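Take a look at the structure below.
2 protein chains.
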Amino acid sequence: MISEAVIKRLPRYYRHIKQLADSGVERVSSTKIANVLNITASQVRQDLCNFGGFGQQGYGYDVVKLKNELAAILGLDKVYDMIIVGAGNIGRALAGYKGFSDDGFYVRALFDIDPRCTSINGIKVYDMDFLNTYLRQNRVDIAVVATQKNSAKGVADALIAGGVKSIWNFAPIELEVPDGITVENISMSESLYVLSYRTKNSKK
Amino acid sequence: MISEAVIKRLPRYYRHIKQLADSGVERVSSTKIANVLNITASQVRQDLCNFGGFGQQGYGYDVVKLKNELAAILGLDKVYDMIIVGAGNIGRALAGYKGFSDDGFYVRALFDIDPRCTSINGIKVYDMDFLNTYLRQNRVDIAVVATQKNSAKGVADALIAGGVKSIWNFAPIELEVPDGITVENISMSESLYVLSYRTKNSKK
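For the record, the sequence lines run as chains G and F.
Quick note on our numbering: the first sequence kicks off at 1 and runs consecutively.
Quick note on our numbering: the second sequence kicks off at 1 and runs consecutively.
As structure tokens, then:
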């Protein structure tokens, strides 16, 4: 059982190692990784041991091998079919973000209560009324909730009823979901509050 | 010294308590807070003690009082002047988000290397060349970095050189900053990776 803290660090390792691989770096030491991620080298070695990433004394880690191991652990060696519910500012920004498909996440459809455009960046926008039917007819690995706060709970319930197992929630609300359903929150306001806390409490 | 883990939980308390206050709830028990936030009641009591939020046996917490205490600790009892650098999908979505000003965060200007619009949602868009001058002439409490990965470091350096102390980073890169500068990252790809990890490892 891998701890929550380690799971949260995993993506940071992956992103850094991927950047090294893209730049043609062949090997890297735990100390160098530690410096960039602002953790200790022994933490790096311990974390990576959990995932079968073994460095060699005096050599470090093979960057490409480590990248592939991390990608496999993160499930980034597959393709994910995504839909986005809510075509407001956030939903549209996500639909327009090219980076997702680099990692195998494909936005297949958008849904909105008031679909003013028929498509955004080549992705079809459907009326919310069509969501149930769509879920019956299509595979959806991940659904993004990008609605207003008040609609988020109802949307999540509809998604789960339609068989969606993984929700990426951008609405500023804690979604309560049954066992077996995964929710990952992007909370911009929480992040902004942490920033204002730190801004207030930092040395002037 | 308040621990990182507690600081990260603070905004979740605040958001929940604010929601209760907005709904007219007058008091709440640690158990009820704990259920919604998916932590233990004793953790809630311990956390809130750190911030002078004292519940009473058999009564619980006074919601409005607790909300105001949390807001003050988070620095949400002030007004923050923000700018956004990068007027792509993310920058535009942030400029259009009405929720920030509810909490006292005001977006005063956008900057872009290729400002195609002169304003977005009533907020003026300036050429990047003007950033230095703007920073000399205006107070900026928080600067949002919403550029591409490759530009983020240069932008952060320019902001810091111009006197900005707090950066909210949406670019998918770890920014290294000097002591005394606060960076808070919103990493969408990291969150998505955690979700794919959990999706992969959840019971089917």
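Just so it is clear, CB atoms sit at the ideal spot from N, CA and C, and this is done for glycine as well.
Given the structure is predicted, the values throughout are model-derived calculations rather than measurements.
Listed along chain G are N89, I90, R92 and A93, each with a C-beta nearer than 8 Å to that of F/A93. Buried is the label assigned to F/E184, since at least 16 other Cβ atoms lie within 10 Å of its Cβ. If you draw a straight line from the Cα of F/S196 to the Cα of G/V140, it comes to about 13 Å.
Closest by C-alpha distance to F/A109, out of F/F130, F/N89, F/D102 and F/G99, is F/F130. Between F/K165 and the set F/V145, F/P172 and F/I173, the nearest pair of CA atoms involves F/V145. Residue pairing by DSSP places G/G60 opposite G/Q56 in a beta bridge. With contact defined as three or more Cβ pairs closer than 8 Å, the segment 65-73 of chain G and the segment 37-57 of chain G are in contact. Between F/G86 and the set F/I120, F/Q57 and F/L66, the nearest pair of CA atoms involves F/I120.
Looking at the DSSP output, G/Y80 sits in a beta bridge with G/F105. For the pair G/K8 and G/V107, the Cα-to-Cα distance works out to about 24 Å. Under the Cβ distance rule, F/S119 does not count among the residues neighbouring chain G, no pair being separated by less than 8 Å. The Cβ atoms of F/I33 and F/V44 sit closer than 8 Å to each other. At a cut-off of 8 Å between C-beta atoms, F/V64 does not count as an interface residue with respect to chain G. When C-beta atoms of the segment 10-29 of chain G are compared with those of the segment 60-67 of chain G, three or more pairs fall below 8 Å, so the two segments count as touching. Under the 8 Å Cβ criterion, the segment 145-161 of chain F does not count as touching the segment 96-106 of chain F, having fewer than three qualifying pairs. For G/M188, the nearest CB of chain F lies under 8 Å from its own CB, placing it at the interface with that chain.
Cβ atoms of F/Y97 and G/N169 stay farther apart than 8 Å, at about 16 Å. F/D47 sits buried, since 16 or more C-beta atoms from the chains shown fall within 10 Å of its C-beta. Rounded to whole angstroms, the separation of the alpha carbons of G/I142 and G/M128 is 17 Å. Residue contact check for G/K67 against chain F: no CB pair falls below 8 Å. Looking at the backbone, the Cα of G/M188 and that of G/S23 are separated by about 31 Å.
Between G/V194 and F/P11 the beta-carbon gap is near 6 Å, inside 8 Å, which marks them as a contact.
Across the segment 130-163 of chain G, CB contacts with chain F closer than 9 Å involve D141, I142 and K149, in sequence order along the chain.
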